[in-house]
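Asker: Residue numbers (our numbering): -16 to 180.
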């Protein structure tokens, strides 16, 4: 088993062997139990089970403590991705059990940054009508919309870290996540995002 701390989620297709978790608004012990139950079963279509935890900084402290044993003594044939731009918000004991994936050390299946950056550049230079056309052309699902938000948040933190002009509104990203978590239609949530970036 491998556990990774990564700023971006791996680009993997939907599968019964992949469990994706999003904070709503946090990730607690019940979600850790769900992960443990998922990892304890045999994979159906692949050689391993994969867990992807988006915004891993939203893991509560009790959840992080409950997760330690799974990270230390994982079931065979499993991998876990803790996706976060804020690894320092996780317990040192969690971090020590994971491999940190930096920009220059991608893991297999990690998405390229350039397509998202290219799309963002197109959005920022487009008219309102063009932005909606761009949004429709991407054929977003709820999962791919959340991954797109992960990428945008990562770019925002990169801009802040490098001192570059900030082109992304963090509160807009948070608002869009809430819409998606509340089962607002993907099209409506992303129309709001694309028109206000």
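For each residue, glycine too, the CB sits at the ideal point set by N, CA and C.
Find out if the Cβ-Cβ distance for the pair residue 33, residue 1 is shorter than 8 Å.
Answerer: The residue given as residue 33 occupies position 50 in the chain shown. The residue given as residue 1 occupies position 18 in the chain shown. Cβ atoms of residue 33 and residue 1: closer than 8 Å.
Asker: Kindly indicate which three-state DSSP category residue -14 falls into: helix, strand or coil?
Answerer: Sequence index remark: in the chain shown, residue -14 carries index 3 (1-based). If DSSP states are grouped into helix, strand and coil, residue -14 belongs with the strands.
Asker: Cα-Cα, which of 47, 53, 54, 35 is closest to residue 64?
Answerer: Position 81 of the chain shown, counting from 1, holds the residue named residue 64. When only C-alpha atoms are compared, the closest one is 35.
Asker: Suppose the cutoff is 6 Å on Cβ atoms and the five residues either side in sequence are ignored; what does the same chain contact list for residue 6 look like?
Answerer: Stepping through the chain shown from its first residue, residue 6 is reached at position 23. Closer than 6 Å at the Cβ level, and outside the excluded window around residue 6, lie 38, 41.
Asker: Taking only beta-carbon atoms, is residue 105 less than 8 Å away from chain C?
Answerer: Of the protein chains in the structure, only one exists, and it is not chain C.
Asker: By Cβ distance below 8 Å, which residues in the same chain neighbour residue 73 in space, the five residues on each side in sequence not counted?
Answerer: Reading the chain shown from its first residue, position 90 is the one you call residue 73. These residues qualify, in order along the chain: -12, 39, 40, 42, 47, 65, 67.
Asker: In terms of alpha-carbon separation, which member of 135, 160, 76, 174 lies closest to residue 120?
Answerer: Reading the chain shown from its first residue, position 137 is the one you call residue 120. Distance from the Cα of residue 120 is smallest, within the candidate group 135, 160, 76, 174, for 174.
Asker: Are residue 180 and residue 151 touching if we call contact CB-CB under 8 Å?
Answerer: In the chain shown, counting from the first residue as 1, residue 180 sits at position 197. In the chain shown, counting from the first residue as 1, residue 151 sits at position 168. Yes, the Cβ-Cβ distance between residue 180 and residue 151 is below 8 Å.
Asker: Answer yes or no: do residue 27 and residue -1 have a C-beta to C-beta separation smaller than 8 Å?
Answerer: Position 44 of the chain shown, counted from the start, is the residue given in the question as residue 27. Position 16 of the chain shown, counted from the start, is the residue given in the question as residue -1. It is a contact, given that the beta carbons lie within the stated cut-off.
Asker: Rounded to whole angstroms, how far is the Cβ of residue 82 from the Cβ of residue -15, which I believe are closer than 8 Å?
Answerer: The count along the chain shown starts at 1 and reaches residue 82 at position 99. The count along the chain shown starts at 1 and reaches residue -15 at position 2. With 8 Å as the limit, residue 82 and residue -15 qualify as a contact, their Cβ atoms being about 6 Å apart.
Asker: Reducing DSSP to helix, strand and coil, say where residue 4 ends up.
Answerer: Your numbering for residue 4 matches position 21 in the chain shown. In the structure shown, residue 4 adopts extended strand secondary structure according to DSSP, grouped into three states.
Asker: For the segment 39 to 120, which segments carrying the beta strand (DSSP E) assignment without a break, of at least 3 residues, lie completely within its bounds, in sequence order?
Answerer: 61 to 66
Asker: Which whole-angstrom value describes the C-beta separation of residue 99 and residue 131, a residue pair presumed to lie in contact below a C-beta threshold of 8 Å?
Answerer: Counting from 1 along the chain shown, the entry for residue 99 is found at position 116. Counting from 1 along the chain shown, the entry for residue 131 is found at position 148. Confirmed, about 7 Å.
Asker: Compute the distance between the beta-carbons of residue 22 and residue 70, then report whether it is under 8 Å.
Answerer: The residue labelled residue 22 in the question sits at position 39 within the chain shown. The residue labelled residue 70 in the question sits at position 87 within the chain shown. No. Outside cutoff.
Asker: If distances are taken between C-alpha atoms only, which option among 123, 153, 29, 52 comes closest to residue 171?
Answerer: Position 188 of the chain shown, counting from 1, holds the residue named residue 171. The option with the nearest alpha carbon to residue 171 is 123.
Asker: If you draw a straight line from the alpha carbon of residue 15 to that of residue 44, how long is it in whole angstroms?
Answerer: Reading the chain shown from its first residue, position 32 is the one you call residue 15. Reading the chain shown from its first residue, position 61 is the one you call residue 44. About 12 Å.
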